[in-house]
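Chemist: Would you mind keeping the following structure in view while I ask a few things?
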Amino acid sequence: MLELRKVETYYGNIQALKSISIDVNEGEIVTLIGANGAGKSTTLMTICGVTPPRKGEIYFKGAPIHKMSTDKIVALGLVQVPEGRRIFPNMSVLENLEMGTFLRRDKSDIQKDIDYVFDLFPILAQRRSQLGGTLSGGEQQMLAISRALMARPRVLLLDEPSLGLAPLIIKQIFEIIKKVNEEQKTTVFLVEQNANQALKLAHRGYVMENGRITLTDTAEKLLDNEQVKKAYLGL
Amino acid sequence: MQYFLELSCSGLVRGSIYALIALGYTMVYGIIQLINFAHGEVYMIGAFIALIVSGVLTIYGFSGFSILILAALIAAVYAAAYGYTLEKIAYRPLRNAPRLSPLISAIGMSLFLQNYVLLAQTPDFLPFPSLIPDFDFMEPIAHIMGSAELVILVTSAITMIALTVLIKYTRIGKAMRATQQDMTMARLVGVNVDNVISMTFVIGSVLAAIGGVLVGSYIGQINFYIGFMAGVKAFTAAVLGGIGNIPGAALGALVLGLAESYAAGYVSSAYEDVFAFGVLVLILILRPAGLLGKAVKQKV
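Protein chains in written order, with this note's numbering: chain A, 1 to 235; chain B, 1 to 300.
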């Protein structure tokens, strides 16, 4: 579904991604774990064309996308929930959801999808006319995921959805991700520092260190891997 | 009392012209944090196009109001093309450059356009035909507010309402707001940010051209240099209201226009600019972010 082949991304002269290759198959939940500054967010921004790769190729359903502009990539169905949520602060909850549908042509089904995300996150329905900037962190994360779902993604790219949230909210959000993957057949690529939670949710995982992929396996085996246990699970 | 009303009226007229120009400054600043110093020149070019068009149309036997509307339309189209091109050649290549570079590019474009019009036209003031007829129904209050003033106020009001509706409800308006609030996120929901920036310049330029046509017709003469002072005043108005804030620009412009008008009427017309900038200094001391601007909290 989504393939990265020897991708290298630079910020000026600094190399952030050092020849990384990743595969995400249709219907899977794949997680990318690693420490702060390993290059996880850069990987997502590179896939979305915000920081295009200098070398290497990215394919979506077999077609190259690494030279496309971000809006074209989003139109293909690669939708990101970025780090820090990036809610439009001066737009209401409803307007934020509407922005998620910016490229959709089937405007008639939008109300149905709004009902669907309000069903997933009932708190958002209560806050529908409130400005995005006034929501709590957890509510913003729910809104960010909902906004991405409004685009009807083929691949949902999530960047640290658990960051800075209470354990109870994290649990709720991970359950929703699982639900969306199972019910909507949405492929999920999940970037996380919270390796334990992410590996429990995912089918397969990649471990990233200093811009390189150092390890890849099924999620179960990674959870048992001595190296992963020591470095990321605190065991 | 009548004198006060007269001054208020002429202040509002000045203010609404400043507002039409200030909106272009503030919209562009809101989206790409650039002060487009060449914006006043787009206004001046709008006035020149309207002058040329109205000359041609007069020869073909058109009259009064129809000339005004056609001249404004054509001036708006031309100005839009100038605004679009300006962004494309002078600012877009510098999108990722340090912030000072596009600013210098803007000053360069301002000087270039002024001198281009100076060479292509003339350094002298050109008479601008009065395109706004005297309405009969304005007769009873003509000593306070003339027909030309009424047309300017109404046109500016309609234009600003149209802009508000555009920004609030249309697809491009939503894309503009999203880009202003978070450019990266706007791209991630599929907004083509380059198009949004181009459209912002186009819309700002159309507003400025409408201002140019109205002023030309009201004052009765134009030259290549009118964009400079109008640009500085409109920029002041935008800062006064809180740069980047659209209702703020309109409010700042009206405050500035009224301040100038009262200063000219009660003190001396030689001091109107002193008062205009005095108001700016005062407001920046008391409310550094402008009348409606919000102080931006830097996240650490």
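Even glycine gets a Cβ: it sits at the ideal position worked out from N, Cα and C. All of these numbers come straight from a predicted model, not from anything done at the bench.
#1: Taking C-alpha atoms, which residue in B:ILE144, B:ASN192, B:LEU188, B:GLY64 lies nearest to A:LEU86?
#2: Measuring CB to CB, does B:ALA230 end up less than 9 Å from B:GLY241?
#3: Assuming the contact rule is C-beta atoms closer than 8 Å, A:ILE29 and A:ASN181 should be a hit. Round their C-beta distance to whole Å, please.
#4: Using a Cβ-Cβ distance cut-off of 9 Å, determine whether B:ARG177 contacts chain A.
#5: Taking the CB atoms as reference points, tell me whether A:LYS88 and B:ASP124 lie closer together than 9 Å.
#6: Run through chain B and tell me which residues come within less than 8 Å of A:ARG86, C-beta to C-beta.
#7: Give a yes or no on whether the C-beta atoms belonging to A:ILE20 and A:ILE213 are separated by under 9 Å.
#8: Entirely within the segment 205 to 274 of chain B and at least 3 residues each: give me those beta strand (DSSP E) ranges in chain order.
#9: At which residues does the beta strand (DSSP E) containing A:GLU57 begin and terminate?
#10: To the nearest angstrom, how far is the alpha carbon of A:ASN239 from that of A:LEU143?
#11: Looking only at DSSP bridge pairs, what is A:GLY205 linked to?
#12: Scan the segment 150 to 176 of chain B for residues whose Cβ lies nearer than 9 Å to a Cβ of chain A and list them as they occur along the chain.
#13: Quick one: Cα of B:CYS9 to Cα of B:ALA76, how far?
#14: State the DSSP-derived secondary structure class of B:TYR60, mapped to helix, strand or coil.
#15: Compute the Euclidean distance between the alpha carbons of B:LYS294 and B:ALA237, then round it to the nearest angstrom.
#16: Residues of chain B with CB closer than 9 Å to the CB of A:MET91, please, in chain order.
#17: Using 9 Å as the threshold, is the C-beta distance between B:TYR43 and B:ALA253 below it?
#18: Taking one C-beta from the segment 33 to 48 of chain A and one from the segment 146 to 165 of chain A each time, how about it: are there three or more such pairs within less than 8 Å?
#19: For B:VAL300, name the three-state secondary structure that DSSP assigns.
#20: Counting only Cβ pairs nearer than 8 Å, list the residues of chain B close to A:GLN80.
#21: Output the distance between the C-alpha atoms of A:THR31 and A:GLY37, rounded to the nearest integer angstrom.
#22: The beta strand (DSSP E) spanning B:TYR91 covers which residue range?
#23: From this set, B:ILE32, B:LEU70, B:GLY216, which residue's C-alpha is nearest B:LEU94's C-alpha?
#24: Quick one: is A:LEU222 near chain B, going by C-beta distance under 9 Å?
#25: Quick check: is the beta carbon of B:VAL191 nearer than 9 Å to any beta carbon in chain A?
#26: Does any residue of chain B bring its CB to less than 9 Å from the CB of A:ALA151?
#27: Determine the chain B residues that contact A:ALA75 at a beta-carbon separation under 8 Å, and present them in chain order.
#28: Quick check: what's the CA-CA separation for A:GLY205 versus B:GLY204?
#29: Whose C-alpha, out of B:VAL213, B:HIS143, B:TYR116, is nearest the C-alpha of B:SER156?
#30: Alpha carbon to alpha carbon, how far is B:PRO129 from A:ALA148? Give it in angstroms, no decimals.
#31: Between A:GLY251 and A:MET68, how many whole angstroms is the CB-CB distance? I'm expecting something under 8 Å.
#32: Shorter than 9 Å from the beta carbon of A:LYS18 to some beta carbon of chain B?
#33: Who pairs with A:ALA63 in a beta bridge, going by DSSP?
#34: So, at 8 Å on beta carbons, what are the nonlocal neighbours of B:VAL232 in its own chain, with the 5 sequence-adjacent residues on each side left out?
#35: Using CA atoms only, rank isn't needed, just tell me which of A:ARG104, A:ARG154, A:GLN130 is closest to A:LEU78.
#36: Whose Cβ in chain B lies nearer than 9 Å to the Cβ of A:PHE102?
Modeler: Walking through what the data contain:
#1: Residue 86 of chain A is actually Arg in this sequence, not Leu. Ranking the options by Cα distance to A:ARG86, first place goes to B:LEU188.
#2: no
#3: 5 Å
#4: yes
#5: Residue identity check: residue 88 of chain A is Phe in the sequence provided, not Lys. No, these two residues do not count as a Cβ contact at 9 Å.
#6: ASP182, THR184, MET185, LEU188
#7: yes
#8: none
#9: 55 to 60
#10: This structure cannot speak to residue 239 of chain A, because chain A is shown only from 1 to 235.
#11: A:THR31, A:ASP217
#12: ARG171, LYS174, ALA175
#13: 26 Å
#14: coil
#15: 16 Å
#16: LYS174, ARG177, ALA178, GLN181
#17: no
#18: yes
#19: Note on B:VAL300: pLDDT 45, under 50, position unreliable in the model; the coordinate value appears next. Correct three-state label for B:VAL300: coil.
#20: LEU188
#21: 16 Å
#22: Here B:TYR91 belongs to no beta strand (DSSP E), and DSSP marks it neither H nor E.
#23: B:ILE32
#24: no
#25: yes
#26: yes
#27: GLY190
#28: 50 Å
#29: B:VAL213
#30: 56 Å
#31: Only positions 1 to 235 of chain A appear in the structure, and residue 251 of chain A is not among them; the question remains open.
#32: no
#33: A:PHE60
#34: GLY40
#35: A:ARG154
#36: ARG171, LYS174, ALA175, ALA178, ALA186, VAL189, GLY190, VAL191
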